[in-house]
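Asks:
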Amino acid sequence: MTKIRAQLVRFREPALGALFFTAWFVQSSNRIVGYVPSRTDTFLTNPYAVLIAAGFGLAIALCRDRPGTALSLTGGLLVLQLLFWPARFSQVSWVAYLVLVLLVVGISAFSRVNTRRVLLGLSIVCSVAVSALLNVPFLSMSGVWGTINGKEAASIEVVQGFVTWSVVGILLTLGAWHIGSRLRVPAMRPEQESSSELPTSAAATDTQIYAPDPDRPHPDSASWKSIAALSSREREIFLLAARGLSNNDIAHSAHIGQSTVKTHLSSILTKLGFTSRAQIVAHAYQSRLLR
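Quick note on the working numbering: the sequence shown kicks off at 755 and runs consecutively.
#1: Taking buried to mean at least 16 other C-beta atoms within 10 Å of its own C-beta, is TYR789 buried or exposed?
#2: Let's see if you can read the secondary structure: which residues bound the alpha helix (DSSP H) around GLY929?
#3: Using DSSP bridges, identify the partner residues of THR799.
#4: With distances taken Cα to Cα, identify the nearest neighbour of GLY923 among ASN903, TRP931, ILE878.
#5: Buried or exposed, going by whether 16 or more other CB atoms sit within 10 Å of the CB of SER818?
#6: Check whether the stretch 847 to 857 touches the stretch 988 to 995, counting contact only when three or more Cβ pairs, one atom from each stretch, lie closer than 8 Å.
#7: Between which two residues does the alpha helix (DSSP H) harbouring VAL853 extend?
#8: Roughly how many angstroms lie between the CA atoms of GLN914 and ILE902, to the nearest whole one?
#9: Report the option in VAL872, PHE916, LEU925 whose CA atom is closest to the CA atom of LEU893.
#10: Let's test the definition: count the other Cβ atoms within 10 Å of the Cβ of THR927 and tell me whether it reaches 16, buried, or not, exposed.
#11: What is the residue span of the alpha helix (DSSP H) that ASN1002 lies within?
#12: Are three or more beta carbon pairs between the stretch 1001 to 1008 and the stretch 1026 to 1043 nearer than 8 Å?
#13: Where VAL780 and VAL858 are concerned, what is the direct C-alpha to C-alpha distance, given to the nearest angstrom?
#14: Does the stretch 766 to 777 touch the stretch 785 to 803, meaning 3 or more C-beta pairs lie closer than 8 Å?
#15: Quick one: is ALA907 buried, meaning 16 or more other Cβ sit within 10 Å of its Cβ, or exposed?
#16: Does the Cβ of ILE910 have 16 or more other Cβ atoms within 10 Å, making it buried, or fewer, making it exposed?
#17: For a test of the three-state rule: what should DSSP assign to SER877, helix, strand or coil?
#18: Under 8 Å Cβ to Cβ from TYR802, same chain only, skipping five residues before and after it: list those, please.
#19: Does the beta carbon of THR1029 come closer than 9 Å to any beta carbon on chain B?
#20: Which whole-angstrom value is the C-beta distance of LEU827 and LEU812, which I expect to be below 8 Å?
#21: Ends of the alpha helix (DSSP H) at GLU906?
#22: ILE814 and LEU876 - do their beta-carbons sit closer together than 9 Å?
#23: Taking all protein chains shown into account, do 16 or more other C-beta atoms lie within 10 angstroms of the C-beta of GLN835, making it buried, or fewer, making it exposed?
#24: If you check the beta carbons only, do GLN1012 and LEU1023 fall under 9 Å apart?
#25: How many Å lie between PRO973 and SER920 at the Cα?
#26: Using the three-state DSSP reduction, which class does THR794 fall into: helix, strand or coil?
#27: Within the continuous alpha helix (DSSP H) that includes ARG989, where are the two ends?
#28: Comparing C-alpha positions only, which one of VAL867, ASP795, ALA807, THR776 sits nearest to GLY934?
#29: Note down the Cα distance separating VAL846 from LEU798, rounded to an integer number of angstroms.
#30: Going by the beta-carbon positions, is the gap between ALA995 and ARG1031 smaller than 9 Å?
#31: At the level of alpha carbons, what is the spacing between VAL1035 and ARG997?
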């Protein structure tokens, strides 16, 4: 059952991406045309803009397995809109940008530790680019009036709108990043990573997220002694593997590479005298390491 649940979770982001695009398409359907309208028809959405929205949906679908690729795709689409006017959103279809908040949450939740700062910086740059596309007249679909303010370049409201939306976009990005950080599967506490001591009953609380059965009691010190030979990192991988997660899922949860996961699992099996992952699962339940 746990394996089935883990597999279903993998389809969550693709489902969200498809749901977003479907909702956006339905909302914009009465304004979508099959040709590129003149630049004065700023309420019509052409096929290029539809492809951009579909690209945002694809980025959502990729954020779990390829967070860097998802952000690169989004950045590339925004650059295309900056350089190619038919790809820009109309005064109605621009609501597609709102999904980028959800994308940032996903990238923050699934990115690796060593890339998080770079991805956060790029996310902020993307939010400023969106503000420019919405407010700066020559970056709008018409090339004359701002997308959301309808003002010409000489208007002070253009500058005010760009600054305001840039600040709002950055704050939304930081807020979404914080939410994503809280959704990350917590690893063992830092002090455990640097210590060879077994987890105490208080530290064992950190492993509750790995436990599929809420009716089992907390593991006691005797339970932890059954895997005393493992390092703190190996104990973390042990608990993830005991849930039935695949190597790919373990890699994302622990924020390490799949090759590192395989190395840890091999070491775990050797130290515990096991020959298969099934024995890890059985031992975890028999020793009440999962509750």
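Just so it is clear, CB atoms sit at the ideal spot from N, CA and C, and this is done for glycine as well.
Replies: Walking through what the data contain:
#1: exposed
#2: 910 to 937
#3: ILE786
#4: Sorting ASN903, TRP931, ILE878 by C-alpha distance to the C-alpha of GLY923 places ILE878 at the top.
#5: It is Arg, not Ser, that sits at residue 818 in the sequence shown. Buried, by the Cβ-count rule.
#6: no
#7: From DSSP, the alpha helix (DSSP H) with VAL853 extends over 853 to 864.
#8: 12 Å
#9: PHE916
#10: buried
#11: Taken as a continuous stretch (DSSP letters only), the alpha helix (DSSP H) holding ASN1002 covers 1001 to 1008.
#12: no
#13: 24 Å
#14: no
#15: exposed
#16: Exposed.
#17: helix
#18: VAL790, PHE838, PRO840, ALA841
#19: Of the protein chains in this structure there is only one, and it is not chain B.
#20: 7 Å
#21: It is not in any alpha helix (DSSP H) - GLU906 carries neither H nor E in the DSSP assignment.
#22: Here LEU876 is not near ILE814, since their CB atoms are 9 Å or more apart.
#23: buried
#24: no
#25: Note that PRO973 has pLDDT 48, beneath the 50 cutoff, so the model's placement of it is unreliable and the number below is only indicative. Roughly 49 Å between the two C-alpha positions.
#26: Residue state, collapsed to three classes: coil.
#27: 986 to 996
#28: VAL867
#29: 8 Å
#30: yes
#31: One C-alpha to the other measures close to 7 Å.
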